[in-house]
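This report concerns only the one structure given below.
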Amino acid sequence: MGNGSVAGDKKGAKDELVLSCAQLKFLAHNECKEVYKKYNDLFMGDTFMCTNTTGQDACYGDSGAPLMCGGVQYGLVTWGIGCSDNLPGIFTRVDKYREFMTMVLDGVIDPRTPSGAVAGRAIVLLLYIGVLALFIASIRRN
Numbered sequence: 001m002g003n004g005s006v007a008g009d010k011k012g013a014k015d016e017l018v019l020s021c022a023q024l025k026f027l028a029h030n031e032c033k034e035v036y037k038k039y040n041d042l043f044m045g046d047t048f049m050c051t052n053t054t055g056q057d058a059c060y061g062d063s064g065a066p067l068m069c070g071g072v073q074y075g076l077v078t079w080g081i082g083c084s085d086n087l088p089g090i091f092t093r094v095d096k097y098r099e100f101m102t103m104v105l106d107g108v109i110d111p112r113t114p115s116g117a118v119a120g121r122a123i124v125l126l127l128y129i130g131v132l133a134l135f136i137a138s139i140r141r142n
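So the sequence shown is numbered by full-length UniProt numbering: it starts at 1 and just counts up by one.
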């Protein structure tokens, strides 16, 4: 779900005003890692997951959009090479940051780094944006 380009170009990403959804299929972690091996191991670790659906993918302007299934957010659009170019889309797994987000929301830790930059609030903000996008999409369907 996102407002990114549907034309597959960077220019169109700024012009999309309609929230779009795509039906994506998860790709096994080891298969995704194998695909990206030829790209100098761009795929990193278990904090990421992949989708690979012919003709459908996140595109320019979708970064940070939620990856939802059954009303539950599992990931955030992170990166990919091109749009729907037979290469898996890469998403950040939100479950890998659950403990951190809970600690920040409960006030247990301060997400600011010693330099004063805010580290974790961006992740929490993206989750809120994902929930808001889901809410807006449900309103538009009715």
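All C-beta atoms, glycine included, are put in the ideal place defined by N, C-alpha and C.
The model shown is predicted, which means the values in this text are computed figures rather than measured ones.
Is the distance from the Cβ of P111 to the Cβ of C50 below 7 Å? Looking up residue 111 in the sequence shown gives position 111. Looking up residue 50 in the sequence shown gives position 50. Contact: no.
Hey, would you say L67 sits closer than 7 Å to F48, going by beta carbons? As a first step, residue 67 must be located in the sequence shown, where it is residue number 67. As a first step, residue 48 must be located in the sequence shown, where it is residue number 48. Contact: no.
Quick check: what's the CA-CA separation for K33 versus K25? For the purposes of this step, residue 33 is taken as residue 33 along the sequence shown, with counting starting at 1. For the purposes of this step, residue 25 is taken as residue 25 along the sequence shown, with counting starting at 1. Answer to the nearest angstrom: the Cα atoms are 16 Å apart.
Return the first residue and the last residue of the beta strand (DSSP E) that R93 is part of. Reading the sequence shown from its first residue, position 93 is the one you call residue 93. Note, R93: beta strand (DSSP E), 89 to 93.
Please name the residue, chosen from V77, V94, D46, E99, that lies closest to R31 on a Cα-to-Cα basis. If you number the sequence shown from 1, residue 31 lands on position 31. According to the sequence provided, residue 31 is Glu. The question's Arg does not apply to it. Checking every option, the nearest Cα to that of E31 belongs to D46.
So what's C69 in DSSP terms, helix, strand or just coil? The sequence position of residue 69 within the sequence shown is 69, counting from 1. In this structure, C69 counts as strand in the three-state DSSP scheme.
Checking contacts by CB at 7 Å: is G89 closer than that to chain B? The structure shown contains no chain B; it holds only a single protein chain.
Residue range of the unbroken alpha helix (DSSP H) whose run includes T102: On the sequence shown, residue 102 is found 102 positions in, with the first residue counted as 1. Segment 98 to 105, the alpha helix (DSSP H) holding T102.
Do you know offhand how far M101's Cα is from G61's? Here residue 101 refers to the residue found at position 101 of the sequence shown. Here residue 61 refers to the residue found at position 61 of the sequence shown. Going by the C-alpha atoms only, they are around 25 Å apart.
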